Amino acid sequence: MTHIRLTMAQALVRWLAVQRVEVDGVEQPYFAGVWAIFGHGNVAGVGEALAEAEDILPTYRAHNEQGMAHAAIAFAKASRRQRAMVCTTSIGPGATNMVTAAALAHVNRLPVLFLPGDIYASRRPDPVLQQVEDFGDATVSANDCFRPVSRLFDRITRPEQIIDALPRAMAVLTDPAACGPVTLCLCQDVQAEAYDYPEAFFEPRVWRQRRVQADADELAALVAAIRSAKAPLIVVGGGVLYSRAEAELAKFAAASGIPVAETQAGKGALTVDHPQLLGGIGVTGTSAANAAAAAADLVIGVGTRLQDFTTGSRTLFRGQLVQVNVALHDLAKHGAAGVMGDVRAVIESLGGALAGWQVSPAWRAELDASKARAAAEYETATVLPADGALPSDAAVVAAVARGTAENAVVVCAAGGLPGELHKLWPTRSVGGYHVEYGYSCMGYEIAGGLGVKMADPAREVVVMVGDGSYLMLNSELATSVMLGMKLIVVLLDNRGFGCINRLQHATGGRPFNNMLADSRHVRLPDIDFVAHAKSLGAIAEKAGDIAELEAALVRAREADRTSVIVIDTDAALSSEVGGHWWDVAVPEISSRAEVAAARREYEARLAGEKE
Ligand SMILES: Cc1ncc(C[n+]2csc(CCOP(=O)(O)OP(=O)(O)O)c2C)c(N)n1
Ligand SMILES: [Mg+2]
């Protein structure tokens, strides 16, 4: 057996570069590149290896480790988990800056390979700069923070360990059920240590999406349940997109007449013109989808993890629940019956078994009526403001939808916008909706938009972001300019945390610490977002109203680089239409009568006395 003498970091990089993936008959590298912010913990080891390998594995520099990890994760989500990126950092703060992003990837089940530097395996210089010393456990480092938010965690303390660790990492990243973040902590000294690696270790390997076929009995039970259902409903989650099952879903829904409601992660699988699509479901759902959910005697969850926004904190579904999912973890949730299997494989089987079967005309008529009502509600929700009044977020959402390309992808994550988008955004092309609502992490938007653009530079990417989220993490705006990855960013400035302010009001609280004006201050900041965005290299302008926004969108679409359009919106407004109750616990004791009243209402809800 021939051996090649390389440092651990060199071997690692060489191995990553030859991992390939086959998607629809086309083979390409699985890792699209490496995001890197160097420090003493990775510059000499991993940094040297990446510089040598620039031709086979591109390296990208970012401004913030969390931001670059958001870009990597968004890349994987937009690539429907077929491809991923790597993130390498120094030890200590650089590494722990990625922990929030690791949690985001974990919740959303998205693949990303984290390579944080780690303390010396030899302990020679202990405590090395930035080492978090544990008084009682010498094996602990700051990177242990990644453990609960990694699907696979490993610490490389000897160079030959990667021969075992890397294939295991790939197996997790590419498995539909186990998929999520993998963290390999790279001890600083070990990165630089040489070893005689077998040449065969660096043979290119092609990974393919595994499609688990359904168990015959589980499938037969679901077919029987559908046949005897009077009012069946499909709830689609992100699994539909990751399984690339959108065409099969569209066909099955059309043929059977079973209506489809979508979660935040599942939105984007069907386009707005699909006759069976009822729109978003749950707390931020449309009235059509939620009426169907309440009336359904059979709810079929397809590739969804049933988080509380989907189920209205478990108060929305009344019928029998069946979970179609490739992950065991999701199958028995909320007392559901399970069909384990790849979503596409299961839908194909259902289509075959139910050929010729259709929902009853009564259920179809009920759905058509509620769809017509929801269409009218859309017009009310997105109405233009009266002269001189600030627009609602909903009016801005509708204008952005009108003013962007058919192939545009809208990107969002936190604030009031995800709710408005879930209800109102008309998906015009598959994958055109990218809202991270598993972790709903403020600061995902711009960095995430960058990752979405990198996944498919031919698509227009429009990032919708609140002032709060923008201020929390905006620095990858400069990276988007630097890399020529053009974004259209629409920044809705309502001068504070508008959605939490509304939630505070709804739970009886007084306006406190959410809007800037309600927060402790000596001078109210009047933040010039246009100047800020310009300072990072973007084109920026302020739109005074919806008409100006539409004109600015035309300019932004023609521009040669990232543009930021700022528009003031009314913090008090959110769409009244649709929606469902959300369990947010209200204090049992308070000096405020409003809180006491909200508590009484909350208890009535919990007791099921109030709908
Ligand atoms: C990292 C992070 N911190 C806190 C929250 C809780 N949170 C959700 S929305 C929000 C306010 C967002 O403000 P902004 O982006 O201006 O949107 P708006 O609510 O005004 O629409 C907060 C603080 C969060 N989701 N993520
Ligand atoms: Mg705001």
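Position one of the sequence shown corresponds to residue 55 (this note's numbering), numbered consecutively onward.
Beta carbons are placed, not taken as given, at the ideal position from N, Cα and C, and that holds for glycine.
Given the structure is predicted, the values throughout are model-derived calculations rather than measurements.
Where does the unbroken beta strand (DSSP E) through residue i begin, and where does it stop?
i: His57; result: His57 to Thr61
i: Ala594; result: Ile593 to Ala597
i: Cys682; result: Only positions 55 to 665 of the chain appear in the structure, and residue 682 is not among them; the question remains open.
i: Ile354; result: Leu352 to Val356
i: Thr113; result: Thr113 to Arg115
i: Glu316; result: Val314 to Glu316
i: Tyr296; result: Premise fails: Tyr296 lies in the alpha helix (DSSP H), Gly292 to Tyr296, not in any beta strand (DSSP E).
i: Gly632; result: Neither: Gly632 is in no beta strand (DSSP E) and is coded neither H nor E.
i: Leu332; result: Leu331 to Gly334
i: Glu604; result: From DSSP, Glu604 is part of no beta strand (DSSP E) but of the alpha helix (DSSP H) over Ile600 to Glu612.
Per DSSP, what kind of secondary structure is residue i in: helix, strand or coil?
i: Tyr432; result: helix
i: Phe168; result: strand
i: Arg659; result: helix
i: Gln82; result: strand
i: Gln40; result: Limits of the chain in this structure are 55 at one end and 665 at the other, which puts residue 40 out of reach.
i: Asn379; result: strand
i: Val515; result: strand
i: Leu537; result: coil
i: Met139; result: strand
i: Pro480; result: coil
i: Asp188; result: coil
i: Trp411; result: coil
i: Leu287; result: strand
i: Gly95; result: coil
i: Gly87; result: strand
Can the beta-carbon of residue i be found closer than 9 angstroms to that of residue j?
i: Arg135; j: Pro165; result: yes
i: Ser310; j: Leu375; result: no
i: Gly485; j: Val519; result: no
i: Val67; j: Ala107; result: yes
i: Ile621; j: Lys596; result: yes
i: Thr358; j: Gly320; result: yes
i: Val517; j: Asp396; result: no
i: Gly355; j: Val337; result: no
i: Ala225; j: Thr143; result: no
i: Pro170; j: Met152; result: yes
i: Asn118; j: Glu490; result: no
i: Leu557; j: Val451; result: no
i: Val631; j: Thr434; result: yes
i: Arg615; j: Val515; result: no
i: Ser628; j: Ser483; result: no
i: Ser341; j: Arg427; result: yes
Keeping to the same chain, check which residues put their C-beta closer than 8 angstroms to that of residue i; ignore five residues upstream and five downstream.
i: Phe129; result: Ala86, Arg137, Ala138, Met139, Gly505, Val506, Met508 and Ala509
i: Thr211; result: Ala175, Cys241 and Val244
i: His328; result: Ala304, Ala307, Ala308 and Val314
i: Val75; result: Glu81, Gln82, Pro83, Tyr84, Gln136, Arg137, Thr228, Val260, Trp261 and Arg262
i: Val584; result: Ala594, Glu595, Lys596, Val618 and Val620
i: Met526; result: Met496 and Gly497
i: Ser204; result: Ala156, His160, Phe168, Gly234, Pro235, Val236 and Thr237
Starting from residue i, follow its DSSP beta bridges and name the residues at the other end.
i: Tyr498; result: DSSP, once it has assigned bridges, lists no residue as partnering Tyr498.
i: Ile127; result: For Ile127, which the question treats as bridged, DSSP gives no partner whatsoever.
i: Ser26; result: Not covered by the structure: residue 26. The range shown for the chain is 55 to 665.
i: His488; result: Val465
i: Arg259; result: Gln73
i: Gln374; result: Leu352
i: Ala391; result: Val376
i: Met569; result: Gly550
Can you list, in chain order, the residues of its chain whose CB lies under 6 angstroms from that of residue i, leaving out five sequence neighbours each side?
i: His124; result: Ala155, Tyr498, Ala501 and Gly502
i: Met55; result: Pro252
i: Ala613; result: Ile593
i: Leu352; result: Ala279, Ala283, Pro286, Gly373 and Gln374
i: Asp208; result: Ala219 and Leu238
i: Gly469; result: Gly520, Ser523 and Cys553
i: Gly473; result: Thr338
i: Arg513; result: Asn461 and Val463
i: Lys131; result: Leu164
What are the start and end residues of the alpha helix (DSSP H) that includes residue i?
i: Tyr524; result: Asp521 to Met526
i: Phe207; result: From DSSP, Phe207 is part of no alpha helix (DSSP H) but of the beta strand (DSSP E) over Leu206 to Ile210.
i: Asp250; result: First-last for Asp250: Ala248 to Pro252, but that is the beta strand (DSSP E), not the alpha helix (DSSP H).
i: Met224; result: Ile216 to Leu227
i: Ile145; result: No alpha helix (DSSP H) contains Ile145, which DSSP labels as neither H nor E.
Within its chain, find whatever has a CB closer than 7 angstroms to the CB of residue i; leave out the 5 residues flanking it on each side and keep chain order.
i: Ala275; result: Ala391
i: Glu214; result: Tyr249
i: Asn555; result: Pro565, Asn568, Met569 and Ala625
i: Ser403; result: Ala268 and Leu273
Taking only beta-carbon atoms, is residue i less than 9 angstroms away from chain B?
i: Val649; result: The structure shown contains no chain B; it holds only a single protein chain.
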